[in-house]
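As numbered in the working numbering, residues 404 to 716 make up the sequence shown, in order.
Every residue, glycine too, gets a C-beta built ideally from N, C-alpha and C.
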Amino acid sequence: MAAATKLPFSASDPLGDDVLKRLAEREADGRADDLESLAGVLEAPRDRLARTVEQLAGAGLVARVEARYELTAAGRARGRHLLRSHRLLETRLARHTGLPPEKWHTAADRAEHALTPEAANALADALGNPRFDPHGDPIPDRDGRFAAAAAPTLLDWPETQPALVVHLEDEPPALYAAVHRAGLAPGSLVRAVRRHADRVELEVDGRWLALSPAEADLVHVAATMAGAAPTSRRRLADLPPGGRAIVAGLSPVIRGQARQRLLDLGLVPGTRIEREFAAALSSPIAFRVRGTLVALRREQTEQILVEAEEVQP
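This is how it looks when you write it as structure tokens:
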């Protein structure tokens, strides 16, 4: 029977589940944890964590190899199920709720322990069986299989080479929230990177953003498919009065109902758009879309990506 569909263990202590999930995640990256690294990541007292790991070992779910811990087959089944549940729950929260992105991880953490394999499969089906969660992490399939390839961060990426954001680490939550506020998400295109001692600057959608080195280390990137990012892409907010452009798409930061509302207004790739005028306080702003005047709030125009009119999407 498939590894993730019949589990031999359900932890009465959520900390045990957290250990199994962490070890499964590290195993997928070809790494392992010792007690000190587990205590640091899980923010658990060392003595309590040691007791929990001993219980997991006694249940045949983990084994100690030198100073590090590895999963047994039974522990791997449970750990990968928890990873699958967590990432599916985050996907649902991102698509169907208005919960701020920095709270997805904690909410999923609370709910994942009670999700059965049958419930996880039903959730996956309802979501269209996504392969990646909102942070770009791979979601194990119902047999517990997934491929996770390590990607460099902005701290290691060549400064002159365009990049595609493929993954954002969601911990620590405060740093992740700062990265999200900067407008980055899996799918964002970075045209260039400039590293300084105290900050990392990157050009995204016609603007230069600045991240702290710790924030930049959360952003994993890969080469763009064409090897280059569009040079004329910018945010609709930067289109001057009377300016015309073609909608290139919506920022990957915007999700759920907010994204659907913009699509329902006809703001789909290839649509021509012209800026007409703004209200006295610069919001809302009127645009002509498909022969109709559409009023958009300033924050909405920050999430719409456009290219020069002569550039075809």
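| Query | Result |
| --- | --- |
| Beta-carbon proximity check, Pro687 vs Leu699, cutoff 8 angstroms | yes |
| Alpha-carbon spacing of Arg454 relative to Leu438, whole angstroms | 11 angstroms |
| Residues near Ile657 in its chain [Cβ-Cβ closer than 8 angstroms; skip 5 each side] | Leu665, Gln706 |
| Simplified DSSP assignment, three categories, for Arg693 | coil |
| Inter-residue Cα distance where the pair is Glu677 and Ala648 | 6 angstroms |
| For Gln703 and Arg638, the rounded distance between their alpha carbons | 10 angstroms |
| Classification of Lys506 by the beta-carbon crowding that lies within 10 angstroms, buried from 16 upward | exposed |
| C-beta neighbour in chain C for Ala435, strict 8 angstroms | Absent from the structure: chain C. Only one protein chain is present. |
| Within 8 angstroms, strictly: CB atoms of Ala435 and Leu486 | no |
| Collapsed DSSP secondary structure at Lys409 in the structure displayed | Legend: pLDDT at Lys409 = 45, less than 50; position of this residue unreliable, no value from coordinates given. |
| Segment contact flag, the region 496-505 with the region 452-467, C-beta cutoff 8 angstroms, min 3 pairs | no |
| Reduced DSSP category for Ala711 - H, G, I as helix; E, B as strand; rest coil | strand |
| Within the region 595-640, ranges of the alpha helix (DSSP H) (whole runs, at least 4 residues) | 616-619 |
| Status (buried if at least 16 other CB within 10 Å, exposed otherwise) for Val468 | exposed |
| Start-to-end residues for the beta strand (DSSP E) that takes in Leu423 | Note, Leu423: premise wrong, no beta strand (DSSP E); alpha helix (DSSP H) at 417-431. |
| Asp559 burial status per 10 Å Cβ neighbour count (16 or more: buried) | exposed |
| Assigned secondary structure, His516 (DSSP; H/G/I helix, E/B strand, else coil) | coil |
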